[in-house]
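Protein chains in written order, with the numbering used here: chain A, 1 to 114; chain B, 1001 to 1114.
And the structure:
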């Protein structure tokens, strides 16, 4: 049974057209992460929520925003997608954030920008 | 800044061959180390992790990894691979006590020929 669910699996958007990717979890985990993975590159952390506390990575572009309306859901908003934003976007959760716990990943959303 | 380097981008083996995937990290402090695996069409999942104790860690499906602090390495091994081990393997590091931020290597694609 899927525990971290990302929808849709594939998303196509137009250059400059806002797009939202969604993630939900049935694990009741405190922490939710958004990673960006471009082709043949390492997943890169964009930001994470610890409960409602939002933590942005220093090098995450302002174009990327996130919302977490409740424990179960987290959204990634790309305000004006560029061609360089085409990537796989991975959502992950963990119970706490000491650093030794494992992450539970969703299957990802592959974003294409036309 | 922390970084993770995986030596091989693409490895091709025959069934029953032995496997060793290299991983080196750069960080001077205490770290937590992980190997994640992504089977075709599936999400990233934890293979094994090290955060303290015995530097030889055993994971699922017969995989093991050895933490060698002096070499900043955490190589993944399996004595005899199977076709079902075909997947992408990611090494990741987290500074102990950090906010759960994983730094991933760029991944190694393993192809096992039957």
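Here a beta-carbon is modelled for each residue, glycine too, at the ideal position from N, C-alpha and C.
Since the structure is predicted, the reported quantities are computational estimates derived from the model, not experimental observations.
Neighbouring residues, chain A, relative to residue i (Cβ below 9 Å)
i	result
residue 1082(B)	Going along chain A, no residue has its Cβ under 9 Å from residue 1082(B), so there is no contact; the nearest lies around 23 Å.
Range of the contiguous beta strand (DSSP E) that encloses residue i
i	result
residue 38(A)	Careful: residue 38(A) lies outside any beta strand (DSSP E) and carries neither H nor E.
residue 109(A)	109-113
residue 73(A)	73-78
residue 53(A)	53-56
residue 1058(B)	1056-1058
residue 1081(B)	Where residue 1081(B) is concerned, there is no enclosing beta strand (DSSP E), given that its DSSP letter is neither H nor E.
residue 13(A)	10-13
residue 67(A)	64-67
residue 1051(B)	Counting along the chain, residue 1051(B) falls outside any beta strand (DSSP E), and DSSP gives it neither H nor E.
residue 1108(B)	1108-1113
residue 1068(B)	1064-1068
residue 25(A)	19-25
residue 93(A)	87-94
Whether residue i touches residue j by CB criterion (8 Å)
i	j	result
residue 73(A)	residue 3(A)	no
residue 101(A)	residue 107(A)	no
residue 1050(B)	residue 1044(B)	no
residue 76(A)	residue 43(A)	no
residue 7(A)	residue 96(A)	no
residue 1076(B)	residue 1063(B)	yes
residue 1078(B)	residue 1019(B)	yes
residue 1040(B)	residue 1087(B)	yes
residue 38(A)	residue 81(A)	no
residue 111(A)	residue 11(A)	yes
residue 63(A)	residue 79(A)	yes
residue 71(A)	residue 9(A)	no
residue 114(A)	residue 36(A)	no
residue 1101(B)	residue 46(A)	no
residue 1065(B)	residue 1048(B)	yes
Beta-carbon neighbours of residue i, restricted to chain B and to distances below 9 Å
i	result
residue 112(A)	Per Cβ cutoff of 9 Å: no residues; residue 112(A) is ~18 Å from chain B at best.
Under 7 Å from the C-beta of residue i: neighbouring residues of chain A
i	result
residue 1104(B)	42, 43
residue 1046(B)	102
residue 1107(B)	42
residue 1101(B)	45
Listed by chain order, chain B residues near residue i by CB distance under 8 Å
i	result
residue 106(A)	1043
Would you check if there are 3 or more beta carbon pairs closer than 8 Å linking the segment 1099-1114 of chain B to the segment 1002-1010 of chain B?
Cβ pair count under 8 Å is three or more, so yes.
On the three-pair Cβ rule with 8 Å, is the segment 39-53 of chain A touching the segment 1021-1035 of chain B?
Contact between the segment 39-53 of chain A and the segment 1021-1035 of chain B is absent, because fewer than three Cβ pairs lie under 8 Å.
Does the structure place the segment 1009-1016 of chain B close enough to the segment 1051-1059 of chain B that three or more beta carbon pairs sit under 8 Å?
Because the criterion of three Cβ pairs below 8 Å is not met, the segment 1051-1059 of chain B and the segment 1009-1016 of chain B do not touch.
How about the segment 80-93 of chain A and the segment 1067-1075 of chain B: do they share at least three Cβ pairs that are nearer than 8 Å?
Fewer than three beta-carbon pairs drawn from the segment 80-93 of chain A and the segment 1067-1075 of chain B are found closer than 8 Å, and the two stretches are therefore not classed as touching.
What residues in the segment 44-72 of chain A have a beta carbon less than 9 Å from any beta carbon of chain B?
Those residues of the segment 44-72 of chain A that come within reach of chain B (Cβ to Cβ, closer than 9 Å) are 44, 45, 48, 50, 55, 57.
Under 9 Å, CB to CB, which of the residues in the segment 13-44 of chain A have a partner in chain B?
Taking a C-beta cut-off of 9 Å against chain B, the contacting residues of the segment 13-44 of chain A are 31, 33, 35, 37, 40, 41, 42, 43, 44, listed in chain order.
If you measure beta-carbon to beta-carbon, which residues of the segment 1008-1033 of chain B are closer than 7 Å to chain A?
Residues of the segment 1008-1033 of chain B with a C-beta atom less than 7 Å from some C-beta of chain A are 1032, listed in chain order.
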